[in-house]
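Protein chains in written order, with our numbering: chain A, 1 to 186; chain B, 187 to 964. Just so you know, even glycine gets a beta-carbon here, dropped at the ideal spot from N, CA and C. Computed from a prediction, not measured in an experiment: that's the story for all the values here.
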Amino acid sequence: MTAEVAIAVSYAAALVVAAFVLELLSAHTHRRSLRFRTAGFTYDDRHDHWVCPEGEQLWPHELDRERRLVRYRARPHVCNACDLKHRCTDSDEGREIVRPLDPWPHSEAGRFHRVIALTLVVLSAFIVAVEFTRNHAALDVAALVGLLTLDVLAGSLLLRDLRLRPANFPEPAPWHGAGFRVPSRR
Amino acid sequence: MAAATRRDFLISKAWIQAVVLVVLCGFFVLGLLAYRTYMAHPPVPTRVVDPSGATLFTSDDVSHGQRVFLNNGLMEYGSAFGHGAYLGPDYTADYLRRAANIVRGIYGAPQSDAAARRTIRDFRTNRYDSSTHVLRFTRAQATAFRRLVPYYSGFFSDPTTEHGLKPDAITDRDALHDLTAFFAWTAWAAAADRPGHDYSYTNNWPPEPRVDNRPTANVVVWSVLSLITLLGGIGILFAAFGRWGSRLGWHGREQATLSFRAPGDVALTPAQRATSWFFFVMAALFLIQTFVGAAAQHYRADIADFFGFDLAQVFPYNLMRTWHVQLAIFWVATSFVAAGIFLAPMIARREPKHQDKLAFALLGALAVVVFGMLIGSYLGVHGVLQNAASNWFGLQGFEYLDLARIWQILLSIGLVVWVVMLWRVLRTRLATEHPGNMPWLFFLAACAIPAFYAVGLLARTGDNFTTTEFWRFWVVHLWVEDFLELFTTVMVAYMFVLLGVVRERIALTVVFLDIVLYSVGGVIGTMHHVYFSGEPAEHMALGAFFSAAEVIPLTFLTVEAWSFLQLGVQQESRSSVPFPHRWAVMFLVSVGFWNFLGAGIFGFLINLPIVSYYEIGTALTANHGHAAMMGVYGMLALGLAMFCLRYLIPAERWPERWAKICFWSTNLGLAWMCFATLLPLGLLQLYQSVDKGYFEARELKFLTNHTNALLEWLRLPGDVVFITGGAVPALYIAWLGIRYTVDRVTLDEPDDILFTVVREPEGVPRAGADEAAAARLV
């Protein structure tokens, strides 16, 4: 194998690894981000409810199809009597918690990180393609084909659930903010 | 009356004490290091003589040569002490290598050990007499200098453009002699032992076996110690955060149910409307910056031929590079200034009269400075303006502070005027607030921007190069990495408060935590830029140690900020009007990502002294520079512009699709740029530097070899996406902002400018005024 192909293949492989490290890290930061709102609460996935730090249970209350969220709510009279209410919620209807229906990458931020990871894989394949045009020795081609297979596998893995998940970001409709629009268009 | 209604500090006073303590300690140490810089920089001898006493060059020659180097924009072509641009050679290393080869040739055959030892002795022995201020070169060193004057004269007066410089760049014989004298002085300081030590003034940088320049004990030990500090610090911090993190108090609260005011419903003040022109200027500068960046990059891919055109005749590499780095600062700063003007009335709920006239005056002044800078740089690089004229109206030439002194002073004054403008708006609000609360933080952070930019005025082109580098990095590091970062954090936190994403107490905690953590390492960490620019070893020790410590909060805070910045995207409440800032908050998400990757990972990659020793002035620095400057500040500037333009452009004209294209193209283009070219190129160059030598890694022959040229071409798809999909749509959106600026004008803003808290039973959104109006319209 020529030195150039060896270096190119190593770097291209490193890019695939980097893509998956990025995937792990960004999913981690996203979980942390979700915890901004739910810290102190624990989720019981066997019975599908949350338990608040004071022991009150929050049960499913609504399915928000537009944003693809489940909303859980505690009993209002318990929350309104709670000493910690001022640190917990403004609402008099009981504390609410939401949980996204879809697994990662279900949000716009998730899609951003996923696409960056995909870009690294695409770049990896691009490097392999460039090397294909420059080197034709049997060993070189074998290494390049091997890496291309890796790229295709990694790419399809990353792409699969990206295509299934919506961004869950409400699109602004054209009439939003039309309240003060001057009727005649300029 | 104001005193009676003054709002108390929202969080614990311990935060203020911590900030004051950390900042005072940091600047006390930095003050000591400034004093040490003046005491221990390499001296410029009044005369350098050969053994017979004949003068080779004087201190005036060195000083003049340095001005020639700077005023002709050569620091934007090559570098000295490793600092500058990366196409040309590092002239310290270059002179040292050529002089060492000549000296060794004089002393004997290429294989002779005795000749090698004698060469080393010649260069390492410090023959500077501190009482007479005379430096005595050996006969061989003097011969080397006399032979290198014609060499450098030939290089800089080359009638072709094969080096990427303009033809006949410098032809004046005195200027060429003095330029060589400046290189000779830096090379002397790089090899001669510092009095009382067995390493040179530059901590033995550059690596050069011919003069026995190898990493000092300090370089190795402080690299190891700072690495251990980093690992230990991260462990302790994560343990502490696991133990006490929940007490920081921003966790677990329910997001209030909000109804966002639709952009078309938010009335704007006259000055806010004026900012649409700022954003247009910003986007135009951004587009120009990407074009000149592409031209500068093309020199690396194909130096002699720009698609059939000899570009260096008109736009030589150094002109492209100086425009590129200066415009980077200008367009980002324009966005920050505009966002400050835009946010201030939202914070104060009012705007005094004539603020818009001040805003336009400021924009006019900014335009004068920018065009003055662009024209001056051209005249400086082309040698139309010389010496003092170039210094004042052409090009000062310090990388990042290239602009002429007159523009530098005007820009500092302009930033002060901007602070005064903010004061006019915020005055009454500030009177009712504790000085630790958000409005004050916003104002104080804004004050720091002109204050630390003005520090750059202390660097004067004729002064000792070590001291000018010291002050330059106060601007490049302290201003950019600390105080812009601070202003950024305050502004983003305030945006989140205004949008109801977080509450004021939480935002305040985040800001204070940010100041404490960044300042602990960031202030003294400034010294990580000057490991090898003639500073004594303590600068390196403290710089390495504290900038490694800076990475501790970076790993923690950037992960935290990475999560924090994602908060805006999680629009889970049932607002009748959808959250209007999809792409503004997405830009903030990308800021979080690039902050971690570009500033954190790529920055630390080159931070350890031992890495920096071989790496300084190579593509890995450019990799960090692009990922951090464009990734963090560029994306932020675009995000702020999107936020403000969303209100400036009437809702029905808002180009959601173009905003989306702009977001994806800038991010993907930047990722491609870093991973396709800058990172692998930097790694190859680092390998070459350690393996073959620093001189070899900076040679044009290496930079333009087949592999590197291929790597440079690899980035083309990313650059095309970045420019056509990122910079062009940004300009189009900004153009919509000036073409269709909303007409509703007010001087008083309501309390809940951007949203109202909904308290309806079951949270079902009632038909808002805008929905009713929409129904009427439909």
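Starting from residue i, trace the beta strand (DSSP E) in both directions and tell me its first and last residue.
i                  : result
Gly-789 of chain B : Premise fails: Gly-789 of chain B lies in the alpha helix (DSSP H), 788-791, not in any beta strand (DSSP E).
Tyr-43 of chain A  : 42-44
Arg-71 of chain A  : 69-73
Leu-58 of chain A  : 57-64
Phe-516 of chain B : Segment 503-534 is the alpha helix (DSSP H) holding Phe-516 of chain B; no beta strand (DSSP E) there.
Val-980 of chain B : This structure gives no information on residue 980 of chain B, because the portion of chain B shown stretches from 187 to 964.
Trp-50 of chain A  : 49-51
Arg-322 of chain B : 320-322
Thr-455 of chain B : Unbroken run through Thr-455 of chain B: none, as it is neither H nor E.
Phe-584 of chain B : 581-584
Express the C-alpha separation of residue j and residue i in angstroms, rounding to a whole number.
i                  : j                  : result
Ser-265 of chain B : Thr-372 of chain B : 11 Å
Ala-173 of chain A : Ser-409 of chain B : With a pLDDT of only 43 at Ala-173 of chain A, under 50, the local geometry of the prediction cannot be trusted, and the value read off the model is given with reservation. Computed Cα separation, rounded: 56 Å.
Asp-905 of chain B : Met-828 of chain B : 22 Å
Thr-347 of chain B : Gly-566 of chain B : 17 Å
Glu-54 of chain A  : Cys-88 of chain A  : 11 Å
Trp-844 of chain B : Lys-199 of chain B : 45 Å
His-49 of chain A  : Cys-79 of chain A  : 16 Å
His-269 of chain B : Met-261 of chain B : 8 Å
Ala-74 of chain A  : Arg-95 of chain A  : 5 Å
Arg-290 of chain B : Ser-298 of chain B : 9 Å
Ala-375 of chain B : Tyr-281 of chain B : 12 Å
Pro-610 of chain B : Met-681 of chain B : The sequence given here has Arg at residue 610 of chain B, not Pro. The straight-line gap from Cα to Cα measures roughly 20 Å.
His-437 of chain B : Gly-40 of chain A  : In this prediction, His-437 of chain B scores a pLDDT of 46, lower than 50, which makes its location untrustworthy; the coordinate-derived value is nonetheless stated afterwards. Between His-437 of chain B and Gly-40 of chain A, the C-alpha separation is close to 8 Å.
Val-478 of chain B : His-510 of chain B : 6 Å
Please determine, among the options, the residue with the shortest C-alpha to C-alpha distance to residue i.
i                  : options                                       : result
Leu-362 of chain B : B:Ala-375, B:Met-713 and B:Tyr-337            : B:Tyr-337
Asp-276 of chain B : B:Ala-530, B:Gly-803, B:Ser-563 and B:Ala-770 : B:Gly-803
Arg-46 of chain A  : A:Glu-96, A:Leu-120 and A:Trp-59              : A:Trp-59
Leu-552 of chain B : B:Gln-594, B:Val-641 and B:Thr-388            : B:Gln-594
Val-9 of chain A   : A:Leu-162, A:Arg-160, A:Phe-126 and A:Leu-157 : A:Phe-126
Trp-921 of chain B : B:Leu-256, B:Leu-834, B:Thr-932 and B:Asn-404 : B:Leu-834
Thr-241 of chain B : B:Leu-783, B:Leu-273 and B:Phe-323            : B:Phe-323
Leu-806 of chain B : B:Ala-883, B:Asp-364 and B:Val-335            : B:Ala-883
Phe-629 of chain B : B:Leu-672, B:Glu-667, B:Leu-589 and B:Gly-642 : B:Leu-672
Ile-197 of chain B : B:Pro-636, B:Pro-621 and B:Thr-910            : B:Pro-621
Leu-69 of chain A  : A:His-61, A:Pro-76 and A:Arg-75               : A:His-61
His-714 of chain B : B:Tyr-704, B:Phe-732, B:Ala-426 and B:Pro-722 : B:Phe-732
Ala-12 of chain A  : B:Gln-871, B:Tyr-704, B:Thr-863 and B:Leu-889 : B:Thr-863
His-30 of chain A  : A:Leu-148, A:Asp-161 and A:Pro-100            : A:Pro-100
Thr-366 of chain B : B:Val-320, B:Phe-243, B:Pro-449 and B:Ala-482 : B:Phe-243
When you compare the CB positions of residue i and residue j, do they come within less than 8 Å of one another, or not?
i                  : j                  : result
Arg-396 of chain B : Arg-283 of chain B : yes
Ala-519 of chain B : Phe-584 of chain B : no
Asn-153 of chain B : Arg-359 of chain B : Shown here, chain B extends from 187 to 964; a query on residue 153 of chain B therefore has no answer.
Thr-223 of chain B : Thr-652 of chain B : yes
Asn-312 of chain B : Pro-381 of chain B : yes
Val-709 of chain B : Gly-212 of chain B : yes
Gly-707 of chain B : Glu-667 of chain B : no
Phe-255 of chain B : Phe-331 of chain B : no
Phe-638 of chain B : Leu-664 of chain B : yes
His-810 of chain B : Gly-784 of chain B : yes
Ala-295 of chain B : Phe-309 of chain B : no
Thr-476 of chain B : Ala-857 of chain B : no
Let's see if you can read the secondary structure: which residues bound the alpha helix (DSSP H) around residue i?
i                  : result
Trp-780 of chain B : 768-780
Leu-922 of chain B : 914-925
Ile-292 of chain B : 277-293
Pro-836 of chain B : Unbroken run through Pro-836 of chain B: none, as it is neither H nor E.
Val-706 of chain B : 690-711
Arg-359 of chain B : 359-377
Arg-615 of chain B : 591-617
Glu-671 of chain B : 671-684
Tell me whether residue i counts as near the ligand PLP, meaning its Cβ is closer than 7 Å to at least one heavy atom of that ligand.
i                  : result
Leu-216 of chain B : The ligand PLP is absent from the structure shown, which contains no ligand whatsoever.
When Cβ atoms are compared, which residues of the stretch 105-120 of chain A fall closer than 8 Å to chain B?
From the stretch 105-120 of chain A, only Ser-107, Glu-108, Ala-109, Phe-112, His-113, Val-115, Ile-116, Thr-119 and Leu-120 have a Cβ closer than 8 Å to chain B.
Listed in chain order, which residues of the stretch 858-873 of chain B have Cβ atoms closer than 7 Å to some Cβ of chain A?
Residues passing the 7 Å Cβ filter: Trp-858, Phe-861, Ala-862 and Pro-866.
Given a limit of 7 Å on CB to CB distance, which residues of the stretch 137-156 of chain A reach chain B?
Cβ contacts with chain B come from no residue of the stretch 137-156 of chain A.
Taking beta-carbon pairs under 9 Å, can you tell me which members of the stretch 765-795 of chain B lie near chain A?
Against chain A - using a Cβ distance shorter than 9 Å - the residues of the stretch 765-795 of chain B are Phe-765, Pro-766, Arg-768, Val-771, Met-772, Val-775, Ser-776, Gly-778, Phe-779, Phe-782 and Leu-783.
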